[in-house]
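For reference, the structure discussed in these notes is given below.
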Amino acid sequence: MNDENIVRYSRDNLPVDSRTDWGRVKRLSEAELNAAALSDPDAPPFMSGEDWKKTDMLAQIPIDRETFEYCRKHGGGIQTVIKNAVREYMDAHPLN
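Under the working numbering, the first residue of the sequence shown carries the number 6, and numbering increases by one thereafter.
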């Protein structure tokens, strides 16, 4: 390998490859930013507080080996089996 073909950069001298006019962005009002985002076909859809309440939560729970193996062999994925079992229990035992 030839060292003359190697280009080295430090964190302080990385080339800036952005076509965004950040000064213009900083001057936009909140309403203008929202309007720009909504008009951008590549932007993800806006999620309201109500939308966020409908999203799945990530939980890490300890499961004994026997339960884990049962869920794995049952098919459909461990998370799906557990989620369906808990949902069935919730339907049978409502809180109110």
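In this text, a Cβ means the ideal position worked out from N, Cα and C, and glycines have one as well.
Keep in mind the model is a prediction, meaning the values are calculated, not measured.
C-beta contact flag for residue i and residue j at 7 Å
i   : j   : result
C76 : I66 : no
A48 : A42 : yes
Three-way DSSP call (helix, strand, coil) for residue i in this model
i    : result
T25  : coil
M95  : helix
T60  : coil
N101 : coil
N- and C-terminal bounds of the alpha helix (DSSP H) containing residue i
i   : result
M44 : Checking the sequence, you will find Ser at residue 44 rather than Met. Element bounds for S44: E35 to S44.
E74 : R70 to H79
Residues near residue i by beta carbon distance below 6 Å, same chain, minus five either side
i   : result
Y14 : none
T60 : none
Sequence-distant residues of the same chain with beta carbon closer than 7 Å to residue i, five excluded per side
i   : result
P50 : none
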